[in-house]
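Residue numbers (our numbering), protein chains in the order written: chain P, 1 to 283; chain C, 1 to 505.
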């Protein structure tokens, strides 16, 4: 069954948004879950977080950054094109409850996944402070999604071109040090960001949830590519997560495992870009 | 026995007709299938070894009760299509079973010839007729039954699911299979390597099932995309069969096991077989190619992994196993193939730790020598550590192939489908009935990791039970009857008095 791309938008350089027709997945999706997709017959299976899921229309919205061959390739597709496979919703859904004040920390491509989580948390009565960070102003995405559903939106950029100059963790540190009551922190983004956030909240004993972006193949618990150590025990991010207790995750191991295929990923991307260039030159 | 059949009774010869194979040094350079299969002449010659026992014990050894002398007799008469159709009466996956069944423990071990000589090569003959008929496109399109108006959902498209779907379709049911991966076949597709079971063979037999009207929906994870309850209530299926296999890898939980370069057998084989990582970068999925690869465990999956490692270019591929050669669970044929190809065996050896470099990549295994002690609950002698025997082995890739357990996804999403303490689905072995009315199960998900043919045998029993259930849904106590059944609903094979007599003689 092919999965049609209904809409494509460029949100920022190398960051794209897509609406994909996947009725079963959209109907079952809950906050915090992800899909695995495959573009074509020779393609790899990659996990991508679900941004929005429109149950009535049967449409998923995803946003992704072009980092490797598959995401670059995905970025070249247009509305009307089809993906070969979309499977999901995978992983355990987020715990949605009335916690009080929740700080949602989003970095880079973790931002879309935060949307359904934040929205659901807001709907049950939590106060939400959102911190969104990027390297520079032009890479800040989906602000318009969050504005209407958060109580406070704080922006940081590494270069100071928008909001506070610095990292999301700097902003979080200020909030924690200001003494205001924070009942829960949810961090989604690069592993290093989630590690720093977890270290920051640890002394305060604030429950901190992170969503792990491990390498996956099947995404259903079959392979164990995504295994991580949580509290010294081996867990599979795909079925035991993706959300885990940030204070118990071995982030150093996660980061090492994320780099496992770096050399081959580079080879694959370079080959793709070279082939694309050649076909552009011909065309 | 009719006179003409008697005349075709075999002239027993001590040895099986050999099957030609690719040379070991040539075949480890690629993933092409190792044996070539019989020629028609070789097949007929081998078929003539069959004694055509009136009461064939081989059939008793077959979990799906193929009429083995029946199909062999047709091979002797060179009616290869007839032979295939005879097999297909009870087995819709003959080319697959002919390749991967452990015949030496099933039909062939019961062959009367095996008392003195080598048994009839039943598996090779089964494979021959399936391949011959497909190659020559001899099989006519199946006559489709009148639809009976019922529809059944099958979860998982492995050997169990395919078997049940095929049977239900033949009986007029609408059979729809839901598969989590993007390609049907289950372990046949993600697990068994191309050189042992070429993907086109699996695809061919699955296509034959589609011709019967079986529908396969891929990318659908029951338990996630929809629950079993939804299948029954919203999708309107009259019954559900779970053939979800044993896909969850086991690890040893020893220090360093999560270092980069240490794979579960499932991951390693899925990357190589399903995702075709051996064709990287033509295919996008990578796999780490080690120079020195250790595979932990000595089952069929371990042999597959160790042989894949060689084909990916490993200079050394080593099986590490904690017991002795005698206890290795793999088929003799698989061990033999691995040895021929140069796989090394470090027996009575147990990994106790992995050591890595600063980047987190595995570099060494710490191994400990074992000796055999008293038999354990499996009846095999328990390995006992020899203190002070620890040593290190350099490796750059490790494949942990110590077994799989069933996936918990079904039970997690549907707690009224109970599981046992071994995490298998609680089902009656004769009917497949689970703790949830209308839901049947069979294969590895109720047994733990076993074989293709046992899964197919379960599915066959479950199909008869499911048919009985759907047609008697309103009978009071029907589910209790299926749950507590001591015998399956599969019709008994008829043995005439005359045949009995002949066998006695």
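Backbone N, C-alpha and C define an ideal beta-carbon position, used for all residues, glycine too.
Fair warning: this is a prediction, and the values are worked out from it, not measured in the lab.
Kindly list, in the order they appear in chain P, the residues whose Cβ is closer than 7 Å to that of residue 232 of chain C.
One-based indexing of the second chain puts residue 232 of chain C at position 232. Result: empty, since nearest Cβ-Cβ is about 16 Å, beyond 7 Å.
Considering only the beta carbon of each residue, do residue 19 of chain P and residue 58 of chain P sit closer than 8 Å?
By 1-based counting over the first chain, the position of residue 19 of chain P is 19. By 1-based counting over the first chain, the position of residue 58 of chain P is 58. Not closer than 8 Å, so no.
Between residue 277 of chain C and residue 286 of chain C, what straight-line distance do the alpha-carbon atoms span, to the nearest angstrom?
In the second chain, the residue the question calls residue 277 of chain C occupies position 277. In the second chain, the residue the question calls residue 286 of chain C occupies position 286. Cα to Cα, residue 277 of chain C sits roughly 5 Å from residue 286 of chain C.
Looking at residue 35 of chain P: is its Cβ nearer than 8 Å to the Cβ of residue 84 of chain P?
The residue given as residue 35 of chain P occupies position 35 in the first chain. The residue given as residue 84 of chain P occupies position 84 in the first chain. Taking 8 Å as the Cβ cut-off, residue 35 of chain P and residue 84 of chain P do not qualify as a contacting pair.
Whole-angstrom distance between residue 55 of chain P and residue 23 of chain P, CA atom to CA atom
As a working note, residue 23 of chain P is residue 23 in the first chain. As a working note, residue 55 of chain P is residue 55 in the first chain. Computed Cα separation, rounded: 7 Å.
Determine which residues of the region 80-96 of chain P have a Cβ less than 8 Å from any Cβ of chain C, and write them out in chain order.
84, 85, 86, 87, 88, 89 and 90
So with Cβ pairs under 8 Å, would you call residue 396 of chain C a contact of chain P?
For the purposes of this step, residue 396 of chain C is taken as the residue at position 396 of the second chain. Not closer than 8 Å to any Cβ of chain P, the Cβ of residue 396 of chain C fails to qualify, so no.
Under the rule that 16 or more other beta-carbon atoms within 10 Å means buried, what is residue 265 of chain P, buried or exposed?
Residue 265 of chain P sits at position 265 when you count from the first residue of the first chain. Label assigned to residue 265 of chain P: buried.
Using a Cβ-Cβ cut-off of 7 Å (strictly less than) and excluding sequence neighbours within five positions of residue 221 of chain P, which residues of its own chain qualify?
Your numbering for residue 221 of chain P matches position 221 in the first chain. Around residue 221 of chain P: 236, 238 and 239.
Hey, is residue 279 of chain P's beta-carbon within less than 8 Å of any beta-carbon in chain C?
Within the first chain, the letter at position 279 stands for residue 279 of chain P. For residue 279 of chain P, the answer is no, since every Cβ of chain C falls outside 8 Å of its Cβ.
Can the beta-carbon of residue 180 of chain C be found less than 8 Å from the beta-carbon of residue 243 of chain C?
Within the second chain, numbered from 1, the residue matching residue 180 of chain C stands at position 180. Within the second chain, numbered from 1, the residue matching residue 243 of chain C stands at position 243. No.
Cβ-heavy atom distance, residue 134 of chain P to the ligand GTP, below 7 Å:
As presented, the structure is devoid of all ligands, the ligand GTP included, so that no description of it is given.
Would you report the Cα separation of residue 279 of chain C and residue 311 of chain C, rounded to the nearest angstrom?
As a working note, residue 279 of chain C is residue 279 in the second chain. As a working note, residue 311 of chain C is residue 311 in the second chain. Cα-Cα distance, rounded: 11 Å.
Per DSSP, what kind of secondary structure is residue 204 of chain P in: helix, strand or coil?
Position 204 of the first chain, counted from the first residue, corresponds to residue 204 of chain P. Helix.
Is residue 128 of chain C helix, strand or coil by DSSP?
To locate residue 128 of chain C, count along the second chain from 1; it is residue 128. In the structure shown, residue 128 of chain C sits in a helix (DSSP, three-state: H, G or I).
Helix, strand or coil: which one does DSSP assign to residue 346 of chain C?
Position 346 of the second chain holds residue 346 of chain C. Here residue 346 of chain C sits in strand by DSSP.
Beta-carbon proximity of residue 46 of chain C to residue 125 of chain C, cut-off 8 Å:
Walking along the second chain from the start, residue 46 of chain C turns up at place 46. Walking along the second chain from the start, residue 125 of chain C turns up at place 125. In contact: residue 46 of chain C and residue 125 of chain C (Cβ atoms closer than 8 Å).
Where residue 76 of chain P and residue 10 of chain P are concerned, what is the direct C-alpha to C-alpha distance, given to the nearest angstrom?
As a working mapping, residue 76 of chain P is identified with position 76 in the first chain. As a working mapping, residue 10 of chain P is identified with position 10 in the first chain. Near 11 Å, if we compare the C-alpha coordinates of residue 10 of chain P and residue 76 of chain P.
What is the rounded straight-line gap between the Cα of residue 282 of chain P and the Cα of residue 119 of chain P?
Taking the first chain and counting its residues from 1, the one referred to as residue 282 of chain P is at position 282. Taking the first chain and counting its residues from 1, the one referred to as residue 119 of chain P is at position 119. Roughly 47 Å separates the two Cα atoms.
Taking only beta carbons into account, state which residues of the region 398-409 of chain C come closer than 8 Å to chain P, listed in chain order.
407, 408 and 409
Going along chain P, which residues have a C-beta under 8 Å from residue 275 of chain C?
The residue given as residue 275 of chain C occupies position 275 in the second chain. Those are 44, 45 and 217, listed as they occur along chain P.
By the three-class DSSP mapping on this structure, what secondary structure does residue 479 of chain C have?
The count along the second chain starts at 1 and reaches residue 479 of chain C at position 479. Note: residue 479 of chain C maps to helix in three-state DSSP.
So which residues on chain P does residue 194 of chain C lean against when the C-beta distance must stay under 9 Å?
In the second chain, the residue the question calls residue 194 of chain C occupies position 194. Per Cβ cutoff of 9 Å: no residues; residue 194 of chain C is ~15 Å from chain P at best.
Which residues bound the beta strand (DSSP E) around residue 394 of chain C?
Looking up residue 394 of chain C in the second chain gives position 394. Its beta strand (DSSP E) spans residues 391-394.
Nearest-angstrom Cβ-Cβ length linking residue 305 of chain C and residue 268 of chain C, presumed shorter than 8 Å
As a first step, residue 305 of chain C is located in the second chain; it is residue number 305 there, counting from the start. As a first step, residue 268 of chain C is located in the second chain; it is residue number 268 there, counting from the start. Right, the Cβ-Cβ distance comes to about 6 Å (below 8 Å), so this counts as a contact.
Contact set for residue 138 of chain C: own chain, Cβ-Cβ below 6 Å, skip 5 residues either direction:
Counting from 1 along the second chain, the entry for residue 138 of chain C is found at position 138. Result list for residue 138 of chain C: 81, in chain order.
Using the three-state DSSP reduction, which class does residue 215 of chain P fall into: helix, strand or coil?
Taking the first chain and counting its residues from 1, the one referred to as residue 215 of chain P is at position 215. Of the three classes helix, strand and coil, the one that applies to residue 215 of chain P here is coil, per DSSP.
Among residues of its own chain, excluding the 5 on either side of residue 227 of chain P, which ones have a beta-carbon nearer than 6 Å to its beta-carbon?
For the purposes of this step, residue 227 of chain P is taken as the residue at position 227 of the first chain. Closer than 6 Å at the Cβ level, and outside the excluded window around residue 227 of chain P, lie 234 and 236.
Proximity to residue 35 of chain C [Cα-Cα], best of C/91, C/131 and C/85
By one-based count along the second chain, residue 35 of chain C stands at place 35. Residue C/131 is the option with its Cα nearest to residue 35 of chain C.
Could you tell me if residue 186 of chain P is buried or exposed, where buried requires 16 or more neighbouring beta carbons within 10 angstroms of its beta carbon?
As a working mapping, residue 186 of chain P is identified with position 186 in the first chain. Buried: at least 16 other Cβ atoms inside 10 Å.
Where the beta strand (DSSP E) through residue 234 of chain P begins and ends
Position 234 of the first chain, counted from the first residue, corresponds to residue 234 of chain P. That run of the beta strand (DSSP E) goes 233-236.
According to DSSP, is residue 174 of chain C part of a helix, a strand, or is it coil?
Taking the first residue of the second chain as 1, we reach residue 174 of chain C at position 174. Correct three-state label for residue 174 of chain C: strand.
Give every residue of the same chain whose Cβ lies closer than 7 Å to the Cβ of residue 503 of chain C, excluding the five residues on either side of it in the sequence, and list them in chain order.
Here residue 503 of chain C is taken as the residue at index 503 of the second chain, counted from 1. Any reading at residue 503 of chain C must be qualified, since the residue scores a pLDDT of 47, below 50, and its modelled position is unreliable; no value is offered.
Hey, quick one: how far does the beta strand (DSSP E) through residue 85 of chain P stretch, first residue to last?
As a working note, residue 85 of chain P is residue 85 in the first chain. It spans 85-90 - the beta strand (DSSP E) in which residue 85 of chain P sits, taken as one unbroken run.
Neighbouring residues, chain P, relative to residue 283 of chain C (Cβ below 9 Å):
By one-based count along the second chain, residue 283 of chain C stands at place 283. Here the neighbours are 41, 42, 43 and 44.
For residue 63 of chain P, which beta-bridge partners are listed by DSSP?
To locate residue 63 of chain P, count along the first chain from 1; it is residue 63. DSSP lists P/17 as partners of residue 63 of chain P.
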